[in-house]
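J.:
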Amino acid sequence: MFLIIIITVTIPIAPDNSVPIRDGRFVETITSCGRVEGVLEDSAVAFRGIPYARPPIDDLRFKSAQPLNSISYCWNNTTPLLTHNATNYCLQIYGNGTVAGSEDCLTLDVVTPYVRYDTPLPVVVLIGTESLIDRAMLFFVRPNFRLGVLGFLAVKELTESVHLPTSGNYGLSDIVQALKWIQYNIEHFGGDRRSVTLFGHRAGATLVTALAATRGAEKLFKQAWATSGGAIFPSKTLMESEMKQALHVKCSMRILGENHNLICHQKRKRPDKRHEWLVLDGNILKEHPGQIWASEEGLPVKLVLGTTAHAGASEKLFFKHKEWTEELVRQHVEDSKLGQLNVVDEVLKLYPSTYQGLSAMISDIRIVCPLLAVSTQMRNATFYVVTQTRGELNVADVDSDVDAILGRYEPKTAEQKRYVSALQQLFYYFVWHGKVQPQQLSNKILIVEQDVVSAANYTHCDYWIKKDIVPRYAQLD
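Under mature numbering (1 follows the signal peptide of the UniProt record, and there is no 0), read the sequence shown as residues -18 to -1, 1 to 459, first letter to last.
#1: According to DSSP, is residue 480 part of a helix, a strand, or is it coil?
#2: Leucine 120 by DSSP, collapsed to three states: which one?
#3: Starting from valine 131, trace the alpha helix (DSSP H) in both directions and tell me its first and last residue.
#4: Within the same chain, show all residues whose beta-carbon is closer than 6 Å to that of glutamine 74, passing over the 5 residues directly before and after it, in chain order.
#5: Do tyrosine 401 and glycine 430 have their beta-carbon atoms positioned less than 8 Å apart in this structure?
#6: Starting from arginine 312, follow the beta strand (DSSP E) in both directions and report where the run begins and ends.
#7: I believe leucine 108 touches phenylalanine 122 by the beta-carbon criterion, under 8 Å. Please report the beta-carbon distance rounded to the nearest angstrom.
#8: Is it true that the CB of leucine 287 sits closer than 8 Å to the CB of phenylalanine 409?
#9: Taking glutamine 398 as part of the alpha helix (DSSP H), name the residues at either end of that continuous run.
#10: Do the segment 46 to 62 and the segment 7 to 17 meet, that is, are 3 or more Cβ pairs less than 8 Å apart?
#11: Could you check what DSSP says for asparagine 439 in three-state terms: helix, strand or coil?
#12: Opposite arginine 4 in the DSSP bridges: which residues?
#13: Is the segment 312 to 332 touching the segment 348 to 360, taking contact as three or more C-beta pairs under 8 Å?
#14: Assuming histidine 270 and leucine 281 are in contact, meaning their beta carbons sit under 8 Å apart, how far apart are those beta carbons, in whole angstroms?
#15: When the distance is taken between beta carbons, is isoleucine 274 closer than 8 Å to alanine 195?
#16: Excluding five sequence neighbours on each side, which residues of the same chain lie with their C-beta closer than 6 Å to the C-beta of residue 464?
#17: Identify the continuous alpha helix (DSSP H) that holds glutamate 279 and give its terminal residues.
#18: My output table needs one value for histidine 170: the three-state DSSP class, helix, strand or coil.
#19: How many whole angstroms separate the CB atoms of leucine 88 and alanine 47, which I take to be in contact at a CB cut-off of 8 Å?
#20: Exposed or buried, which one is asparagine 78 when buried takes at least 16 other CB atoms within 10 Å?
#21: Across which residues does DSSP place serine 84 in a beta bridge pair?
#22: Just curious, the alpha helix (DSSP H) that isoleucine 344 is in, first and last residue?
#23: Is the segment 312 to 330 in contact with the segment 289 to 297, if contact means three or more CB pairs nearer than 8 Å?
#24: Quick test of your reading: residue 463 and glutamine 159, contact by CB under 8 Å. State the CB separation rounded to the nearest angstrom.
#25: Can you find the residues in the same chain that come closer than 6 Å, C-beta to C-beta, to leucine 120, ignoring five residues on each side of it along the sequence?
#26: Excluding the 5 residues flanking alanine 438 on each side, which residues of the same chain have their C-beta closer than 6 Å to its C-beta?
#27: Can you list, in chain order, the residues of its chain whose CB lies under 7 Å from that of leucine 42, leaving out five sequence neighbours each side?
#28: Since leucine 180 contacts phenylalanine 203 with CB under 8 Å, what's their CB separation in whole angstroms?
#29: Sorted by chain position, which residues of the same chain lie with C-beta nearer than 6 Å to glutamate 184's C-beta, five sequence neighbours on each side aside?
#30: Less than 8 Å separating the beta-carbons of threonine 101 and alanine 26?
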């Protein structure tokens, strides 16, 4: 392994010819649908709630995202649309069965250091993060997109209801439409449409990785960074998915078709975590990503895949016992699938009998090693693992990398401060230059702790793959 030389990336300071600020805090610009007014927040300009597609309600529910391609879908151009405040999130079902959000949600937020035309900034599009950062270190866009059943349901009745029969992946179509909106409009906000990075976290990372493996992706974005997503991608045909999802959702098409309520959604608990929502719909996803990875051309865009060493860790597991003793760790492993496979003694020699060791084991099986296996199939992808720990749990939790990248990480030690700096510079260099430093990187695996180092492999992944435990028990998003 060798140490990566970190190169500082600085954002140019906006000169005096930026778009004027009115009344000390308001900034106005234009879109293809009319003028919008944003607000100055902590030395950044924020536009929140800009519509990028028609509302997916009534006849457009369970349809691919439709563009704002008529003046009748736009707002009064005599006054700007006020985009100052937080907007509705798309409707979703939580673990306890409660429902929150709105169906009329296809809007996006923009946060930028300044609005200008002469030196546009690279654009980072955030998929699967709940909020934007408090201060603009780059040019960020966060689109809302449909989730769960409303975003990904594929059933026969829906397929037969549209021309060019297909169903599912509606949420994915929202992201594609948002990316098209960016291509048409982002220059008016100071962004560079030729330098768009798609950034996904957890379930959002799965969507980003799938989009990065679609033909024509390079027309909408230049590169992608996906962290802690799933390693299992759609392999079922539309017909197979229709049959499985109809059984999974358990609600009638009559109720789904009613415009005034969503009774079946409200009464339905959150879908099973092992359910596979993405589908080969023949529209957006026409072939399995693996076929593109293995092709001579490879991925159409550059991709960084990553995760954290304890991405599978949870507070629920941590507080299951007052103190995780060696005996309790053994009992937990024996009661798991590993006990059924008779590998308990072997795996306990590989990992410490502590909560941290158990979390690392779970994370390797479900997230880290499956993603590493996926990355090895790609010609132009880099893989990283964050090992820097933090907090009461003393783990590199699933948000450790995204928090550091987006400026939300609160370092308590000198080591953590150094880690945040190292990962931010790794990310920013990729965004600005489309590659990971150093150029002479001999290995595709990066270990990120206080610094970034290159490695030929990741501890224990070969064992799990050899035992056929990875990717068999990989996380599904």
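In this text, a Cβ means the ideal position worked out from N, Cα and C, and glycines have one as well. Quantities reported herein were computed from a predicted structural model and do not represent experimental measurements.
T.: Per the coordinate set shown:
#1: Because the chain in this structure spans residues -18 to 459, residue 480 falls outside the shown range and cannot be described.
#2: coil
#3: 130 to 134
#4: Gly83, Leu129, Gly130
#5: Checking the sequence, you will find valine at residue 430 rather than glycine. Yes, these two residues count as a Cβ contact at 8 Å.
#6: Unbroken run through arginine 312 is the alpha helix (DSSP H), 308 to 316; no beta strand (DSSP E).
#7: A Cβ-Cβ distance of about 6 Å is found for the pair leucine 108 and phenylalanine 122, placing them in contact under the 8 Å criterion.
#8: Not in contact: phenylalanine 409 and leucine 287 (Cβ atoms no closer than 8 Å).
#9: 396 to 415
#10: yes
#11: coil
#12: Phe8
#13: Output reads no: the segment 348 to 360 does not touch the segment 312 to 332.
#14: Not a contact, Cβ separation roughly 13 Å.
#15: yes
#16: This structure cannot settle anything about residue 464, because the visible part of the chain is limited to -18 through 459.
#17: First-last for glutamate 279: undefined, no H or E at that position.
#18: Three-state DSSP puts histidine 170 in a helix.
#19: 6 Å
#20: Answer is exposed; the Cβ neighbour count stays below 16.
#21: Cys72
#22: Residues 337 to 345.
#23: no
#24: Here the chain comprises residues numbered -18 to 459, so residue 463 is not present and cannot be evaluated.
#25: Val106
#26: In the same chain as alanine 438, and ignoring 5 residues on each side of it, the C-beta atoms closer than 6 Å to its own belong to Asn425, in chain order.
#27: Arg36, Gln48
#28: 5 Å between Cβ atoms; contact.
#29: Per the sequence shown, the amino acid found at residue 184 is arginine instead of glutamate. The answer, listed in chain order, is Gly110, Ser210.
#30: No, these two residues do not count as a Cβ contact at 8 Å.
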